[in-house]
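Enquirer: When the letters of the sequence shown are read in order and numbered with our numbering, they come out as residues 2 to 122. C-beta: ideal position from N, C-alpha, C; glycine also. First the structure, which I've put down as structure tokens, then a few questions once you've had a look.
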Amino acid sequence: EKDYEKIDKLIKLRREYAARLKPIEAGIEQERKGLDESDQEIMAGEWLSRRLDAGLFALQTIDVILAWLIAEDDGAKTKIATLLGDRDEDISIIKKTLQDQVNDLGEEDEGEKYLKDICEL
2 EKDYEKIDKL
12 IKLRREYAAR
22 LKPIEAGIEQ
32 ERKGLDESDQ
42 EIMAGEWLSR
52 RLDAGLFALQ
62 TIDVILAWLI
72 AEDDGAKTKI
82 ATLLGDRDED
92 ISIIKKTLQD
102 QVNDLGEEDE
112 GEKYLKDICE
122 L
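Encoded structure:
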């Protein structure tokens, strides 16, 4: 639709949410370095909450949409790869977000199977 202009908007939104999340991730990584494994497990819920507050859910949702477009439309895949390439990024950043989402889900359910299938693109 109109030379995939909505993909431009999705990539812009993706970058905005990724930028919001980056300092939170860096702070969590610093905290993680000072904790042993049991303390990290205790903090996992708090860290997830911070990441969600910073826009993790929106980023994951955008990446699911982009992954679906990549899987279903070669023109969209090319457009997404081109837009990501403008900032020296590639489709692997989308895959990483989806893989992290699968890892955060815990027990395997239908949604996790779906995300795993998308990650194999």
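Curious, which full-length alpha helix (DSSP H) runs of at least 4 residues does the segment 59-97 contain?
Expert: Entirely contained in the segment 59-97, the alpha helix (DSSP H) runs reaching 4 residues are, in chain order, 75-86.
Enquirer: Given this structure, state the Cα-to-Cα distance separating I1 from D105, to the nearest angstrom.
Expert: With the chain covering only 2 through 122, there is no way to say anything about residue 1.
Enquirer: Are the beta-carbon atoms belonging to D4 and L84 less than 8 Å from one another?
Expert: Result no, Cβ atoms of D4 and L84 do not sit closer than 8 Å.
Enquirer: From K78 to S50, what distance separates their C-alpha atoms?
Expert: Whole-angstrom Cα-Cα distance: 32 Å.
Enquirer: Spatial neighbours of R33 within its chain, please: CB distance less than 7 Å, with the 5 preceding and 5 following residues excluded, ordered by chain position.
Expert: Same-chain partners within the cutoff: Q41.
Enquirer: Alpha helix (DSSP H) containing L14: first to last residue?
Expert: Element bounds for L14: E6 to K34.
Enquirer: In whole angstroms, what is the alpha-carbon distance linking I92 and T62?
Expert: Each residue's Cα considered, the two are about 15 Å apart.
Enquirer: For G56, which three-state DSSP category applies?
Expert: Three-state result, G56: coil.
Enquirer: I think L67 touches L22, with their Cβ atoms under 8 Å apart; what is that distance to the nearest whole Å?
Expert: Not quite, the Cβ-Cβ distance comes to about 16 Å (not below 8 Å), so this is no contact.
Enquirer: Using beta-carbon positions only, say whether I81 and L99 come within less than 8 Å of one another.
Expert: No, the Cβ-Cβ distance between I81 and L99 is not below 8 Å.
Enquirer: Check the C-beta distance from L60 over to R15 and give it rounded, since I have them as a contact under 8 Å.
Expert: About 7 Å; that satisfies the 8 Å criterion.
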